[in-house]
Amino acid sequence: MSRAALLVLADGRFPAGGHAHSGGAEAAVKAGRIKGAASLADFCRGRLHTAGSVAAALSAAAALGIDPVTLDRAADARTPSPALRVAARRLGRQLMRAARSTWPSAELDALAREFPKGAHQPVVLGLTARAAGLGPVDAAYCAAYESVSGPATATVRLLSLDPFDATGVLARLAPELDQVVDRAVEAARRVVDEGVDALPAGSAPLLEIGAEVHAGWPVRLFAS
Numbered sequence: 007m008s009r010a011a012l013l014v015l016a017d018g019r020f021p022a023g024g025h026a027h028s029g030g031a032e033a034a035v036k037a038g039r040i041k042g043a044a045s046l047a048d049f050c051r052g053r054l055h056t057a058g059s060v061a062a063a064l065s066a067a068a069a070l071g072i073d074p075v076t077l078d079r080a081a082d083a084r085t086p087s088p089a090l091r092v093a094a095r096r097l098g099r100q101l102m103r104a105a106r107s108t109w110p111s112a113e114l115d116a117l118a119r120e121f122p123k124g125a126h127q128p129v130v131l132g133l134t135a136r137a138a139g140l141g142p143v144d145a146a147y148c149a150a151y152e153s154v155s156g157p158a159t160a161t162v163r164l165l166s167l168d169p170f171d172a173t174g175v176l177a178r179l180a181p182e183l184d185q186v187v188d189r190a191v192e193a194a195r196r197v198v199d200e201g202v203d204a205l206p207a208g209s210a211p212l213l214e215i216g217a218e219v220h221a222g223w224p225v226r227l228f229a230s
């Protein structure tokens, strides 16, 4: 295992397309649910323990070698919003392009053939981590951190929030992120014996509703 590969995969400059997505922050800002650092922290905490937890477990399971097609169906079942399913697959397709160029892998090639329009991004992320020689913990950390770093970065643009304040929000969430990753990896390991029902299915209705509203806007700064 090359732990340095984790730095490459988690780097915000890795060309996986995440910069074009706000993780629901754009809709939340317009709805008045994010107004500054304090409300950003509340939003990120909620996202971490719901969508972030689900994504972390899916990524960890893919990194463990669980069948990615089965995991993709599990991801679909945990994503009620059509808009979010479209966004997840679009991000998965972009990540797949970057991953296959960076860490060529027969498993990535097979998943790309199975889902030419894109598999769910957390599943692709876990398989990418596997191709890079990383483990389920690494994959879970990437997914969990991405679930909060995306909204934090987007809010800097949307609200002209001080970047120091946004980074402070992420730093204060670190202990909770550790806990989410621990639970996600434990759940992923149970999939071997219990099937995908062992994975978390935390719901976030406001994220789902916000995504559907956001998808209908004629002008958007972010794709989702």
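In terms of the working numbering, the sequence shown has 189 at position 183, counting the first letter as 1, and numbering is strictly consecutive. For glycine and all other residues, C-beta sits at the position ideal for the given N, C-alpha and C.
Next item on the list: Could you say which of 202, 131, 218 and 229 lies nearest to residue 3 if we only look at CA atoms?
Entry: Because residue 3 is not part of the residues shown, which for the chain are 7 to 230, the question remains open.
Check: Do residue 177 and residue 70 come within 8 Å of each other at the CB atom, strictly closer than that value?
Finding: Translated into the one-based positions of the sequence shown, residue 70 becomes position 64. Translated into the one-based positions of the sequence shown, residue 177 becomes position 171. No.
Next item on the list: Give me the Cα-Cα distance between residue 31 and residue 64, rounded to the nearest whole angstrom.
Entry: Indexing the sequence shown from 1 puts residue 31 at position 25. Indexing the sequence shown from 1 puts residue 64 at position 58. Going from the Cα of residue 31 to the Cα of residue 64 covers about 22 Å.
Check: residue 183 to residue 222, Cα distance in whole Å?
Finding: Within the sequence shown, residue 183 is the residue found at index 177, counting from 1. Within the sequence shown, residue 222 is the residue found at index 216, counting from 1. Going by the C-alpha atoms only, they are around 32 Å apart.
Next item on the list: Reducing DSSP to helix, strand and coil, say where residue 17 ends up.
Entry: The sequence position of residue 17 within the sequence shown is 11, counting from 1. Coil.
Item checked: Span of the alpha helix (DSSP H), counted from its first residue to its last, around residue 5 -> No answer is possible for residue 5: the residues shown for the chain start at 7 and end at 230.
Check: What is the DSSP secondary structure of residue 86, counted as helix, strand or coil?
Finding: Working through the sequence shown from its first residue, we reach residue 86 at position 80. Coil, per DSSP.
Notebook entry, point to check: Given that a residue counts as buried once 16 or more other Cβ atoms are within 10 Å of its Cβ, and exposed if not, what is residue 186?
Noted result: Numbered from 1 along the sequence shown, position 180 holds the residue referred to as residue 186. The residue in question, residue 186, is buried, as its Cβ has 16 or more Cβ neighbours within 10 Å.
Check: Which residues in the same chain have their Cβ closer than 7 Å to the Cβ of residue 127, if we skip the five residues on either side of it in sequence?
Finding: Along the sequence shown, one-based indexing puts residue 127 at 121. So the list reads 94, 97, 98 and 101, once near-sequence residues are dropped.
Check: Can you name the start and end residues of the alpha helix (DSSP H) that residue 193 belongs to?
Finding: The residue you call residue 193 lines up with position 187 of the sequence shown. That run of the alpha helix (DSSP H) goes 169-200.
Margin query: I need the boundaries of the alpha helix (DSSP H) containing residue 36, first residue and last residue.
Written below: Start at 1 with the first residue of the sequence shown, and residue 36 comes out as number 30. Per DSSP, residue 36 belongs to the alpha helix (DSSP H) from 31-36.
Next item on the list: Starting from residue 162, trace the alpha helix (DSSP H) both ways and give me its first and last residue.
Entry: Residue 162 sits at position 156 when you count from the first residue of the sequence shown. Segment 142-165, the alpha helix (DSSP H) holding residue 162.
Check: How would you write the range of the alpha helix (DSSP H) that residue 134 sits in, first residue to last?
Finding: As a working mapping, residue 134 is identified with position 128 in the sequence shown. Per DSSP, residue 134 belongs to the alpha helix (DSSP H) from 127-137.
Notebook entry, point to check: Measuring CA to CA, which of 76, 135, 123 and 121 is closest to residue 108?
Noted result: The count along the sequence shown starts at 1 and reaches residue 108 at position 102. Comparing Cα positions, the closest option is 135.
Checklist line | Close-in-space but distant-in-sequence residues of the same chain around residue 148 (CB under 7 Å, 5 per side omitted) | finding: The count along the sequence shown starts at 1 and reaches residue 148 at position 142. Result list for residue 148: 15, 16, 65, 131 and 135, in chain order.
Notebook entry, point to check: According to DSSP, is residue 60 helix, strand or coil?
Noted result: Along the sequence shown, read from residue 1 onward, the residue named residue 60 stands at position 54. Correct three-state label for residue 60: helix.
Check: With DSSP run on the structure shown, which of helix, strand or coil describes residue 25?
Finding: Taking the first residue of the sequence shown as position 1, residue 25 is located at position 19. Three-state DSSP puts residue 25 in a helix.
Margin query: Please classify residue 53 as buried or exposed, where buried requires at least 16 neighbouring CB atoms within 10 angstroms.
Written below: Start at 1 with the first residue of the sequence shown, and residue 53 comes out as number 47. Flag for residue 53 reads buried.
Note to self: Quick check on residue 80: does DSSP put it in helix, strand or coil?
What the structure shows: On the sequence shown, position 74 is the one that residue 80 refers to. Looking at residue 80 - three-state DSSP - the assignment turns out to be helix.
Margin query: Can you look up residue 115 in the DSSP assignment and give me helix, strand or coil?
Written below: As a first step, residue 115 is located in the sequence shown; it is residue number 109 there, counting from the start. In this structure, residue 115 counts as helix in the three-state DSSP scheme.
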